[in-house]
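There are 2 protein chains.
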Amino acid sequence: MFTTGEKPAEQIANKDFDLAVYLKEKQQIVEDALEKSLPIAEPQKIFHAMRYSLLAGGKRLRPILCLASCELIGGNLEIALPTACALEMIHTMSLIHDDLPAMDNDDYRRGKLTNHKVYGENIAILAGDGLLSFAFEHVGVETKNVPAQRVLEVITRLGRTVGATGLVGGQVLDLESEGESDITVESLTAIHTRKTGALLETSVLSGAILAGASSEDINRLSVYSQNIGLAFQIVDDILDITATKEELGKTAGKDLQAEKATYPKLLGIEASKQQAQQMIDKAIDQLSVYGQKAQALRAIAYYVVDRKN
Amino acid sequence: MFTTGEKPAEQIANKDFDLAVYLKEKQQIVEDALEKSLPIAEPQKIFHAMRYSLLAGGKRLRPILCLASCELIGGNLEIALPTACALEMIHTMSLIHDDLPAMDNDDYRRGKLTNHKVYGENIAILAGDGLLSFAFEHVGVETKNVPAQRVLEVITRLGRTVGATGLVGGQVLDLESEGESDITVESLTAIHTRKTGALLETSVLSGAILAGASSEDINRLSVYSQNIGLAFQIVDDILDITATKEELGKTAGKDLQAEKATYPKLLGIEASKQQAQQMIDKAIDQLSVYGQKAQALRAIAYYVVDRKN
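Quick mapping for you: the protein sequence lines, in order, are chains R and C.
Going by the numbering used here, the first residue of the first sequence is number 32, and it counts up by one from there.
Going by the numbering used here, the first residue of the second sequence is number 32, and it counts up by one from there.
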């Protein structure tokens, strides 16, 4: 599932670093933590619905970015794991609500029926609400050995990331842009900065904050994450055209069908690929000061453009 | 709008205390704070939708309980005001989502068209999500001069209160109970403890926590708020039968129409009134240790059973 693509190994700075192994190991840690985070209680139906989407697999890119940036700054995994899980809860919540009939009306996600196709619209709305609120509770209850002020800063950033200037705002702009014929690259970027970039940025920054990052670290990691966030979305748009449903685990060609503005539609596939690559280069530039300690974040940046799904 | 009903003034412990004046004053403080909390930004549509429901009036009972309990423990209003606003954001979010076509499908709320009737289902779902996440951000950013650990405890409680064991879980049980003919008083109480009681309890406790309440204070205020929470819901059920749409600001007789289990349906109106009164008496018992300092919480308890809407 994960490859480092065609990049020559020396670009990843350390020939011994195997991203596929790294991602697999971190993914397993995240899966185990997510599994434990939400035991079934009463009323069981809503817990089943929340777990159905939360434990449906996926790349777990956001939690892994959080763990990697925490380690970069010198923190141990344990202090960031609750936040890593919360990021995935928030991401899952946004997918459940985006897939609703009143929104993008999608039937498949991560290779499975969407939440509302299995549990009904009402439960799907509530499962999203439940995951969102649980994310904050989970960070507050489970984060140990970190000054309360840092935990509070992470929670505040999580709140802002979901809100009207983040995921929610991005989805509003996205809904408004559908069927519009004169979307510019700028307005498309405004959508994706909110819909994808904001949560990826918060994923990277929250891990760093928990580990005690300086303001210089935060600035560098902001530029890193904003660039990989946009590159990630550009690649998503490209994959929607070039990949199959089996590769994606969700309906392919959905953007074309919905007449959605995408980077390949506005710029062409080749220019889109180039732009994504330029962003990745910019992201990686920010990591030079960290040397080999940043090998995971560096390799993840390459992976973002080279992934197949 | 607010009266102390038929209770003799001496029961309110201080003849000089005018609850109507108190509520009006606090309500104005909350309205002003809510108005300022959410200035319109881009994308404007979602901010308009969020403000439409957040600023639609209402009793502001939850924020007022938070402010009153903060003052009871000796804190000033300012430290609790952001949390008071967050409680109303969360309450508003739960109303917006409960009113959706996929849920209770209601057209009127607080005397105005429901959010989705004005902005559409997709924006209404997102407005709820935006208010929920903003509630956490707002507490994190705006709470000043309180140890971070207390703020964190409040945020954690807010998260738990919304989640699958709180508001969300209550709504799931409520949806499941519709049309069922064999609902017991116990299962009805389980619904309302989650749907109404949990947030009223968190309203009272969060103000107290911010002000530095002891565990004895927390225990007493838990019993107080659990009892007024259930009494509040019993009175709501009674008002749905006895009040008019104009008095309620929402569709009256809705529970009967939807064949929902209610306390008056299970116990009769008179027995329901008696039960609400008993709960209020229990609630007020808990306040005796505070003497006159608790006059606001005491008067609010009486008001819960005597209100007309």
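Cβ coordinates follow ideal geometry from the N, Cα and C atoms, glycine included.
Here the structure is a predicted model, which is why all the values come from computation and not from measurement.
In this structure, what does DSSP give as the bridge partners for residue i?
i: C:Lys-175; result: BP columns for C:Lys-175 are empty, so no partner.
Which class does residue i belong to by DSSP, given the choice of helix, strand or coil?
i: C:Arg-141; result: coil
i: C:Glu-37; result: Its pLDDT being 45, under 50, C:Glu-37 is placed unreliably by the model, and nothing is read from it.
i: R:Glu-290; result: coil
i: C:Ser-237; result: helix
i: R:Lys-339; result: coil
i: C:Ala-158; result: helix
i: C:Glu-247; result: helix
i: R:Arg-329; result: helix
i: C:Met-32; result: Low local confidence applies: a pLDDT of 31 at C:Met-32 is under 50, so the model's placement there is unreliable, with the coordinate-based value given in what follows. If DSSP states are grouped into helix, strand and coil, C:Met-32 belongs with coil.
i: R:Leu-69; result: coil
i: R:Gly-190; result: helix
i: R:Gly-299; result: coil
i: R:Gly-88; result: coil
i: C:Gly-151; result: coil
i: R:Ala-314; result: helix
i: R:Lys-220; result: In the sequence under discussion, the amino acid at residue 220 of chain R is Thr, which differs from the Lys named in the question. In the structure shown, R:Thr-220 sits in a helix (DSSP, three-state: H, G or I).
i: R:Ala-195; result: coil
i: R:Thr-275; result: coil
i: R:Ser-307; result: The residue asked about is misnamed: residue 307 of chain R is Ala in this sequence, not Ser. Reduced to three states, the DSSP call for R:Ala-307 is helix.
i: R:Ala-242; result: coil
i: R:Ile-259; result: helix
Tell me the residue span of the alpha helix (DSSP H) that contains residue i.
i: C:Asp-205; result: 198-208
i: C:Phe-48; result: Segment: none, C:Phe-48 is in no alpha helix (DSSP H) and carries neither H nor E.
i: C:Thr-227; result: Segment: none, C:Thr-227 is in no alpha helix (DSSP H) and carries neither H nor E.
i: R:Arg-93; result: 92-103
i: C:Ser-319; result: Neither: C:Ser-319 is in no alpha helix (DSSP H) and is coded neither H nor E.
i: C:Asp-135; result: Careful: C:Asp-135 lies outside any alpha helix (DSSP H) and carries neither H nor E.
i: R:Glu-211; result: Counting along the chain, R:Glu-211 falls outside any alpha helix (DSSP H), and DSSP gives it neither H nor E.
i: R:Ala-115; result: 108-130
i: R:Ile-77; result: 75-85
Contact defined as beta carbons within less than 8 Å: I believe residue i pairs with residue j. What is the distance between those atoms, to the nearest angstrom?
i: C:Val-235; j: C:Val-336; result: So it is not a contact: roughly 17 Å between Cβ atoms.
i: R:Cys-97; j: R:Ser-237; result: 6 Å
i: R:Met-120; j: R:Phe-165; result: 6 Å
i: R:Ile-95; j: R:Leu-54; result: 6 Å
i: R:Asp-286; j: R:Thr-293; result: 5 Å
i: R:Thr-233; j: R:Thr-192; result: 4 Å
i: C:Tyr-334; j: C:Leu-50; result: 6 Å
i: C:Asn-153; j: R:Leu-126; result: Between R:Leu-126 and C:Asn-153 the Cβ distance is about 15 Å, and since that is not below 8 Å, they are no contact.
i: R:Ala-111; j: R:Leu-241; result: 5 Å
i: R:Ala-80; j: R:Asn-146; result: 6 Å
i: C:Thr-114; j: C:Thr-174; result: 7 Å
i: C:Gln-309; j: R:Leu-157; result: Not confirmed; about 32 Å, so no contact.
i: R:Ile-186; j: C:Phe-48; result: Not really, about 38 Å apart at Cβ, beyond 8 Å.
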